[in-house]
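Comments concern the structure below.
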Amino acid sequence: MITRENTLPVMIGPLTMGHSHDVLIQSMTNTKTTDYNATIYQINELAKAGAHLVRLAIPDKKSLEYLSEIVKQSTVPLVADIHFDHKLALGAIDAGIAKIRLNPGNIGSQDKVKEVLLAAKKKNIAIRIGVNTGSIGESQNKVDKAMQLMDEYLSFFESCQFQNTVVSLKSSDINTTITMNERFAMKYKYPLHLGITEAGFGQQAIVKSAIGIGAILLKGLGNTIRVSLTGDPVQEIHAASSILKALGINASGVNIISCPTCARTDINVEKLAREIELKTKDIKEKITIAVMGCVVNGPGEAMEADFGISGGKECGVIFAKGKIIKKVPEDQLVESLLDIIKEKK
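Every number in this note's numbering is 391 more than the matching position in the sequence shown, counting from 1.
Printed below as a string of structure tokens:
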């Protein structure tokens, strides 16, 4: 099986996807691309939340009107989502887009697809071939059908000497998605875009995505991820970051661990954890902070944490790597912890 470290590198603007590079996080705007101000605002919000690249829907010619200016104003590379009309892809390429998301099956003739490939190749623009089981029609075995389509698309791309390619094989079913990505990685070196399509909304969708995407990442596969959630796309970035952090993949920033609390707890663990998360969100170094409710779950159980708090009756201790540093009143725990982190950094 070809793992993420052995995939081909693909350039997306200034970013490199694949090979030994970090797993990239992406999302998609849900604004109308014709609404310049709303789209730019949402791109900036996604970038601030940690998105490495952002996709935009280009459903019609009117959507191309502000695309060039949107590209210029964006702080991250942008991806144009194209269906049915190859001229929209050509227009997005002319506007300076960094990547095209394409389903060759709904573009029409191979000549139209080839025209897009030649234009993308000329400007070193990447193309993602997207195949979703929900859009391949009736089939007794949708996995086999999806793999057959992907083989056909990649064979055509390669016949056109185009290899700046990313691939996604998605389903709303977790097991189907895992199987397709495993089968693909047995044969090809192209970078994989991971996601559970139409995952839904809220906690259920996040759990579903975490299981599916996480299972594939644990197999050593996947070069970029999108957590597809109904609603504010910024939540997709938070969920994707949490998945990567939980797996220790290109981990950076603060990882907070905390006990579930019980009758032994005399401090407000949830309040402390939330406050620490907020006040350490700008730290880029890889640090694990433990927030524990009592001496039972204190420095001993959290001894591998870089720093931590363990609560007592209206007070607590601050520790580092399992060793107690100082005892402080409850209302001074967070600030004292932050001071110690600054000293040790």
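Backbone N, C-alpha and C fix where the C-beta goes; we use that ideal spot for every residue, glycine too. Predicted model only: the values in this text are computed from it and were never measured.
The Cβ atoms of lysine 580 and threonine 398 sit closer than 9 angstroms to each other.
Judged by pairs of C-beta atoms under 8 angstroms, the segment 642-654 touches the segment 676-685, as three or more such pairs exist. Under DSSP, methionine 419 shares a beta bridge with Arg446. If you ignore the 5 residues before and after glutamate 460, its C-beta comes within less than 8 angstroms of the C-beta of Tyr427, all in its own chain and listed in chain order. Counted as a single uninterrupted DSSP element, the beta strand (DSSP E) harbouring valine 470 occupies residues 469-473. Annotation for leucine 560: the continuous beta strand (DSSP E) segment containing it runs 556-561. Taking a contact as a CB-CB distance under 8 angstroms, the pair serine 559 and glycine 521 counts as one, their CB atoms being some 5 angstroms apart.
A distance below 8 angstroms between beta-carbons, with the five flanking residues on each side excluded, links alanine 429 to the following residues of its chain, in chain order: Thr422 and Lys423. As a beta-bridge residue in DSSP terms, serine 701 pairs with Met683 and Val708. The DSSP-derived three-state label of proline 495 is helix. Going by DSSP, lysine 718 is part of the beta strand (DSSP E) stretching over 714-720. Here the segment 438-450 lies against the segment 625-632, with 3 or more beta-carbon pairs under 8 angstroms apart.
For asparagine 566, the uninterrupted alpha helix (DSSP H) run begins and ends at 565-576, by DSSP. Counting only residues of its own chain and dropping the five nearest sequence neighbours on each side, asparagine 523 has a CB closer than 6 angstroms to the CB of Lys561 and Thr588. DSSP, reduced to helix, strand and coil, places isoleucine 604 within a helical segment of the structure shown. Here the alpha carbons of threonine 466 and proline 405 stand approximately 11 angstroms from one another. The Cβ atoms of proline 582 and arginine 446 do not sit closer than 9 angstroms to each other.
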